[in-house]
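Asks: Questions regarding the structure given below will be posed in turn.
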Amino acid sequence: MIQVHLLTTEQKNLLVNQLYTDCMYFNPVQDANDNWFISVEEVNNCDNEEFMWVKELPLIEYTPQIPEEI
Amino acid sequence: MMMFSLGGITYDSDAQAFFSAAGITDNTQKNAVNQLVLDLKSYSIWSKIYALYPFVGGSASQHSYNLMNPALYQITWNGGLTHNTNGVTGNGTTGYGDTGLNISSVLTLNNTALGIYIRNNISSSAFDIGGFIGTTKRFIFNPRTAVNLSSSQQYNTTVGMGTLQPSNSDSTGFNLANRRASNVHRVSKSGSLLGNNTGSGGSLPNTNVFICSVSNNGTAASFSDRNNALSMVSQGLTNTEESNLYTAIQTFQTTLGRQV
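Chain order of the listed sequences is L and P. Using this note's numbering, the first residue of the first sequence is number 1, and each one after it goes up by one. Using this note's numbering, the first residue of the second sequence is number 1001, and each one after it goes up by one.
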């Protein structure tokens, strides 16, 4: 089971276009329930002092949106 | 071809430019990249490549640079990705790289190729490189789909026309999707042809090439979790060039000790 970190919409807005570590930007994504989330990799590797609060975000099960047939 | 000599080591000028931009200091990595450059030039493939990311150095910054021209198409990394000496690995949920290479602006219809060196065998619906808009503007590649096909979409979704998808049950190796003419569309892996067709259709999308994902009209979609040790966007290639390209890339990966 893949887990991801749940965001509120307000939290998502704070992370857009922001670096979580050298040369890597946060990428909030919506799941099948329209929840915003970021990955465990972004949280675990975050060393940007301004965003260390992401390490307190709750974990949820990853539920991908039904993918558009590519 | 200018050569730079420092302490007895002579490097091609393009290789040296890459080392300087990316901060590559390890001699094994430098020798591998230098030989790759020399081989691509000797095979007359170098001038056909728009962007080649050798993913050496191990960091996100070092992996962002384009060997062809470090000042062009530098990758912006987003989401969760793992960068190490084996290249870059997606997380399947949020991670991708935007090359900044606009497909319709830079490429020419019926003269395109995508190459990816994948180090793990994963069956997935995720595409590892490219971009698309709708069903008729497609430039994307998945080396092993959930139903064991190597899917190249250049440039629509109609199988036998703009889509070629031969059977493939192993995503590891250098996967190449080559559209060199309106009636020549080929997919190969590790130098061996998997399939080809003569149909065509569709056009180039006005969106960027993404890596570890694809651009759906600017939004990342289809996040891959494969380990990518080299990615390339080029003009179409002859059969001989396909073979030589694989030889050069496999030599490169073997020098680095990460060949598959």
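Quick reminder that beta carbons are idealized off the backbone N, C-alpha and C, glycines included.
Please list, in chain order, the residues of the segment 1069–1084 of chain P that have any C-beta partner in chain L closer than 8 Å.
Replies: Per Cβ criterion, the list reads T1076, W1077, N1078, G1079, G1080, L1081 and T1082.
Asks: Tell whether a beta-carbon distance below 8 Å holds between N1227/P and N1120/P.
Replies: yes
Asks: Measure the alpha-carbon distance for L1109/P versus M52/L and round it to whole angstroms.
Replies: 46 Å
Asks: Against chain L, does A1060/P count as a neighbour if the rule is that its beta carbon must be under 8 Å from one of theirs?
Replies: yes
Asks: For L1204/P versus Y1155/P, is the C-beta spacing smaller than 8 Å?
Replies: Yes; because the gap between Cβ atoms is below 8 Å, this pair is in contact.
Asks: Which partner residues does F1208/P have in the DSSP bridge list?
Replies: Reading the sequence as shown, one finds Asn at residue 1208/P and not Phe. Answer is N1102/P.
Asks: Residues in the same chain with beta-carbon distance under 8 Å from R1195/P, minus the five sequence neighbours each way, listed in chain order, please.
Replies: Strictly speaking, residue 1195/P in this sequence is Gly, with Arg absent from that position. S1150, L1164, Q1165, P1166, S1167, R1186 and V1187.
Asks: Which residue marks the beginning of the alpha helix (DSSP H) containing D1039/P, and which one marks its end?
Replies: N1027 to S1042
Asks: Using a Cβ-Cβ cut-off of 6 Å (strictly less than) and excluding sequence neighbours within five positions of V1088/P, which residues of its own chain qualify?
Replies: F1055, H1063, L1081 and N1228
Asks: So, for M966/P: in the same chain, excluding its five sequence neighbours on each side, which residues have a beta-carbon less than 7 Å away from its beta-carbon?
Replies: What is shown of chain P runs 1001 to 1260, which leaves residue 966/P out entirely.
Asks: Any idea if E10/L is buried or exposed, counting beta-carbon neighbours within 10 angstroms, 16 or more meaning buried?
Replies: exposed
Asks: My understanding is that S1224/P touches D1128/P, with C-beta atoms under 8 Å, so please give their C-beta distance in whole angstroms.
Replies: 5 Å
Asks: Going along the chain, which residues of its own chain have a beta-carbon closer than 8 Å to the beta-carbon of S1243/P, five neighbours each way excluded?
Replies: G1191
Asks: Checking contacts by CB at 8 Å: is S1064/P closer than that to chain B?
Replies: In the displayed structure, chain B is absent; the protein chains listed are L and P.
Asks: Run the CB neighbour count on G1131/P, radius 10 Å, all protein chains shown included, and call it buried at 16 or more, exposed below.
Replies: buried
Asks: Is it true that the CB of S1125/P sits closer than 8 Å to the CB of S1222/P?
Replies: Yes, the pair counts as a contact, with Cβ atoms nearer than the cut-off.
Asks: Hey, is G1195/P's beta-carbon within less than 8 Å of any beta-carbon in chain L?
Replies: no
Asks: Can you find a heavy atom of the ligand NAP that lies under 7 Å from the Cβ of G1079/P?
Replies: The ligand NAP is absent from the structure shown, which contains no ligand whatsoever.
Asks: Spell out whether any CB of chain P is found under 8 Å from the CB atom of N27/L.
Replies: Yes, because at least one Cβ of chain P sits closer than 8 Å to the Cβ of N27/L.
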